[in-house]
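Have a look at the structure below before the remarks.
Right, here's the structure in full:
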């Protein structure tokens, strides 16, 4: 794992629809001189190799966050959740509020102390940036339609696991960059399509645009696999990458999944497969008749500030991607 690259991407803010900063960082980290394209929606696209058929890979750039919807007379900010954020994760949180100039402003969401909460009506959560009036908020450069993300901290547990907010899907963005750096040195008899998509968390919007433009023979979205529960069974971090064979809105290609299992076994790559919830950027491709299997890492605590993944699983996923490029 290129830990420096992963943390560099983790700390760049970018909620759904506002991926411009994370996209620029990924462009900065592309192999020097490689051609790329940004479509009208904001998806970042790279194509390499020669051949009649194409294999596609994608990871989404957007993270969960809060869209500023109004400024109150007392200087607090109203907001709307963007993506699947549980309400219990809102209160008592540090935030980075990204203003209209792209600057990060410290903010918090308060909490009603237990000393005062008996028989009290809990207030609606608002963002506090230390302003007392609307004019002070204006001075900070914060406007309606600016946004906020949860303040990030990265922890390494037992030298084996990375824990942070926005591993979903910045790990995917990172492994796609590492894979691209390896793939450009390969003698390919096919084309490889690399896409860093927008607005996955609000309905796979970027992937829908890509699926209308490109028709690869096979497609592999790289995303998280929410574990660990009765639904997901024995799947857990540390046991290998995961083939996300079924989720709330898709059933992956059984035949392609079996091919991946055989390849992983041949190359001595640990591999898990299972069922979870949610959906991936593979869905719009599948609905256009393209075989797809999401390549995932098992993440505990998904959509929280302590998303939790295995370093070994990440390295195995990168190895699997390289073998797909060589053998499929």
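Residue numbers (the working numbering): 2 to 329. Using N, Cα and C, we set each Cβ at its ideal position, and we do this for glycine too.
- request: Could you work out which residue in 2, 289, 211 and 14 is closest to residue 106 when comparing CA atoms only?
  value: Residue mapping note: residue 106 aligns to position 105 of the chain shown, counting from 1. Among 2, 289, 211 and 14, the Cα nearest to that of residue 106 belongs to 14.
Identity of the residues DSSP links to residue 309 by a beta bridge: Reading the chain shown from its first residue, position 308 is the one you call residue 309. BP columns for residue 309 point to 164 and 301.
- prompt: Mapping DSSP to helix, strand and coil, what is residue 170?
  reply: To locate residue 170, count along the chain shown from 1; it is residue 169. The DSSP-derived three-state label of residue 170 is helix.
task: Report yes if the CB atom of residue 59 is closer than 8 Å to the CB atom of residue 208, and no otherwise.
output: For this step, residue 59 is matched to residue 58 along the chain shown. For this step, residue 208 is matched to residue 207 along the chain shown. Contact: yes.
task: Indicate the three-state DSSP secondary structure (helix, strand or coil) for residue 29 in the structure shown.
output: Position 28 of the chain shown, counted from the start, is the residue given in the question as residue 29. Three-state DSSP puts residue 29 in a helix.
task: Using three-state DSSP, classify residue 115 as helix, strand or coil.
output: Against the chain shown, residue 115 aligns to sequence position 114. Here DSSP, grouped into helix, strand and coil, assigns residue 115 to helix.
message: Measuring straight from C-alpha to C-alpha, what distance separates residue 119 and residue 322?
response: Locating residue 119 in the chain shown gives position 118, counting from the first residue. Locating residue 322 in the chain shown gives position 321, counting from the first residue. Their Cα atoms are separated by approximately 55 Å.
Sequence-distant residues of its chain with Cβ nearer than 6 Å to residue 292 (five each side left out): What you label residue 292 is simply residue 291 of the chain shown in a count that begins at 1. For residue 292, where only same-chain residues beyond five positions count, the Cβ hits under 6 Å are 219, 254 and 257.
message: Once DSSP output is grouped into helix, strand and coil, what is the label at residue 82?
response: Taking the chain shown and counting its residues from 1, one reaches residue 82 at position 81. Residue 82 falls in the strand class under three-state DSSP.
- prompt: Using the beta-carbon count (16 or more within 10 Å), is residue 297 buried or exposed?
  reply: In the chain shown, residue 297 corresponds to position 296, counting from 1. Buried, since its Cβ has 16 or more Cβ neighbours within 10 Å.
message: Please report the distance separating the alpha-carbon of residue 169 from that of residue 201.
response: As a working mapping, residue 169 is identified with position 168 in the chain shown. As a working mapping, residue 201 is identified with position 200 in the chain shown. Taking the straight line from one Cα to the other gives about 11 Å.
task: Name the two residues that bound the continuous alpha helix (DSSP H) containing residue 5.
output: The residue you call residue 5 lines up with position 4 of the chain shown. Membership of residue 5 in the alpha helix (DSSP H) is indicated by the continuous run 4 to 11.
field: Identity of the residue in 318, 210, 136 and 160 nearest residue 289 by Cα
entry: Against the chain shown, residue 289 aligns to sequence position 288. Nearest C-alpha to residue 289: 210.
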